[in-house]
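Note that my numbering gives residue 102 to position 99 of the sequence shown, counting from 1, and the numbers run on in steps of one.
Where a beta carbon is used, it is the ideal one built from N, C-alpha and C, also for glycine.
Below is one structure, written out as structure tokens; the observations come after it.
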Amino acid sequence: PGARRDERTPASFDLPRIREIAAAILEPAGVSPDPATRPIDEDARAARLIQEHLRRNYGYTLLESQTPTGVDPIEHFLLTSREGHCEYFAAAMAALCRSVGINARIVAGYLAAEYNEASGHYIVRESNAHAWVEAEAGMGNWRMYDPTPPADLARLHRPAPGFFTRLRQMFDAAEHAWNRSVVGFDERAREQILAPASGPGQLLAGRLENLSERIRIGGGRLFFSALLRGLVVFAAAAALLFSLSMLAGLLPRRARSRAGARPRWPELRFYEHLLRALRRLGHPKPLWRPPLAHAATLSDEALATPAAAITRLYYRARFGGVMPTQTELAEARAALRRLKRRDRPVR
Numbered sequence: 004p005g006a007r008r009d010e011r012t013p014a015s016f017d018l019p020r021i022r023e024i025a026a027a028i029l030e031p032a033g034v035s036p037d038p039a040t041r042p043i044d045e046d047a048r049a050a051r052l053i054q055e056h057l058r059r060n061y062g063y064t065l066l067e068s069q070t071p072t073g074v075d076p077i078e079h080f081l082l083t084s085r086e087g088h089c090e091y092f093a094a095a096m097a098a099l100c101r102s103v104g105i106n107a108r109i110v111a112g113y114l115a116a117e118y119n120e121a122s123g124h125y126i127v128r129e130s131n132a133h134a135w136v137e138a139e140a141g142m143g144n145w146r147m148y149d150p151t152p153p154a155d156l157a158r159l160h161r162p163a164p165g166f167f168t169r170l171r172q173m174f175d176a177a178e179h180a181w182n183r184s185v186v187g188f189d190e191r192a193r194e195q196i197l198a199p200a201s202g203p204g205q206l207l208a209g210r211l212e213n214l215s216e217r218i219r220i221g222g223g224r225l226f227f228s229a230l231l232r233g234l235v236v237f238a239a240a241a242a243l244l245f246s247l248s249m250l251a252g253l254l255p256r257r258a259r260s261r262a263g264a265r266p267r268w269p270e271l272r273f274y275e276h277l278l279r280a281l282r283r284l285g286h287p288k289p290l291w292r293p294p295l296a297h298a299a300t301l302s303d304e305a306l307a308t309p310a311a312a313i314t315r316l317y318y319r320a321r322f323g324g325v326m327p328t329q330t331e332l333a334e335a336r337a338a339l340r341r342l343k344r345r346d347r348p349v350r
């Protein structure tokens, strides 16, 4: 039979040294570490005591120390190193809670700590990854606990004030607008704009009403601040592009070629001859298909093998800057001559 809702969950983390640490945390506060004698209503207080103990007595660091072979990592964190990243804090709290009969689990996700006023959204980056704990404070009542020191969380996850932070947020706002208006312009967005029931007048009225509501809620200062930041982003991007174009014009011709301009060596014309031969044989390459992917679509081995070899030579020279040797060029020309001698298309 299943357990009753008011029954105590037994201890589920059986390491004596972990239980000793949990007992040393709870007993001075008058909370029993024994799940057989502790009321279920005190589980929430016990979890908070464990959380505060870890916050006050352990240090946060991203430099992970090496755990000796044969030593439990949680024991090493609690008893020896006494410092670690958020996963160590979460694992330690979950182990301490379970050692005294409190169900606990580790939760991994992201911490949203950077609000972008220009876009009106929180920005979550890959560096905002975080781990915390959910503990059962009473039967079926799961609560969130974060044993990582709050000051360290704020220091690592909140952006430092300054010009470069504001500039980055401006570009983030511009990227968000692009993703929402262009990349994310899906069928639902089209239906909202081009709905048959909404005429041009109604659509314009709805847009103006939405704009006025945003200004009323956020205030005119916030609206004009976002508008000004958008203009600053546009001006900065235009100035950057102009500077790059001027710099490219000042570079010598040879330097521009080495910097990545498309090579125009006559030796690479063998690929153009390959495309013409494939077109004549009934296998034209679509503009959207990459060259090597097009060679892979050829079913005739006598056609696919030389096409792939010639394309690889072109790839190496075009994108790797390594010109083919005279022997490789001679083999490519011989393969092209064999292709040109075919009298009819290959199906």
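Looking at residue j and residue i, is the spacing between their C-beta atoms short of 8 Å?
i	j	result
residue 61	residue 22	no
residue 53	residue 18	no
residue 38	residue 141	no
residue 113	residue 132	yes
residue 318	residue 290	no
residue 134	residue 67	no
residue 107	residue 95	no
residue 30	residue 36	yes
residue 150	residue 57	yes
residue 63	residue 88	yes
Pick out whichever of the options has its Cα sitting closest to the Cα of residue i.
i	options	result
residue 137	92, 310 and 303	92
residue 75	44, 106, 16 and 129	16
residue 101	77, 88 and 111	77
residue 25	44, 42, 55 and 43	55
residue 50	152, 286, 147 and 31	147
residue 338	314, 326 and 324	314
residue 303	345, 276 and 108	345
residue 129	330, 159 and 154	159
residue 110	126, 28 and 145	145
residue 40	32, 58, 47 and 13	13
residue 139	48, 126 and 124	48
residue 342	330, 127, 323 and 274	274
residue 331	323, 324, 312 and 237	312
residue 153	278, 240, 59 and 336	59
residue 340	156, 237, 301 and 279	279
residue 143	43, 155, 157 and 238	43
residue 286	241, 245 and 301	301
Quick one: measure Cβ to Cβ for residue i and residue j, integer angstroms, because I've assumed they're closer than 8 Å.
i	j	result
residue 284	residue 316	That belief does not hold up - the Cβ atoms of residue 284 and residue 316 are roughly 20 Å apart, past 8 Å.
residue 82	residue 20	7 Å
residue 79	residue 72	About 11 Å separates the two Cβ atoms, so there is no contact after all.
residue 310	residue 281	7 Å
residue 326	residue 320	5 Å
residue 352	residue 288	Residue 352 lies beyond the range of the chain shown here (4 to 350); nothing can be said about it.
From the DSSP output, in three-state form, read off residue i for me.
i	result
residue 344	coil
residue 79	helix
residue 317	helix
residue 14	coil
residue 274	helix
residue 70	coil
Requested in this report: Could you pull out every unbroken alpha helix (DSSP H) segment of at least 4 residues lying fully inside the stretch 127-166, listed in chain order?
Outcome: The qualifying runs are 153-160.
Report task. Taking only runs that begin and end inside the stretch 283-337, name each unbroken beta strand (DSSP E) of 3 or more residues, in chain order. Result -> Entirely contained in the stretch 283-337, not one beta strand (DSSP E) run reaches 3 residues.
Report task. Output the residue ranges of the beta strand (DSSP E) runs that lie fully inside the stretch 86-119 and measure 3 residues or longer, sorted by chain position. Result -> Positions of the beta strand (DSSP E) runs, each at least 3 residues long and wholly inside the stretch 86-119, are given as 107-113 and 117-119 in order along the chain.
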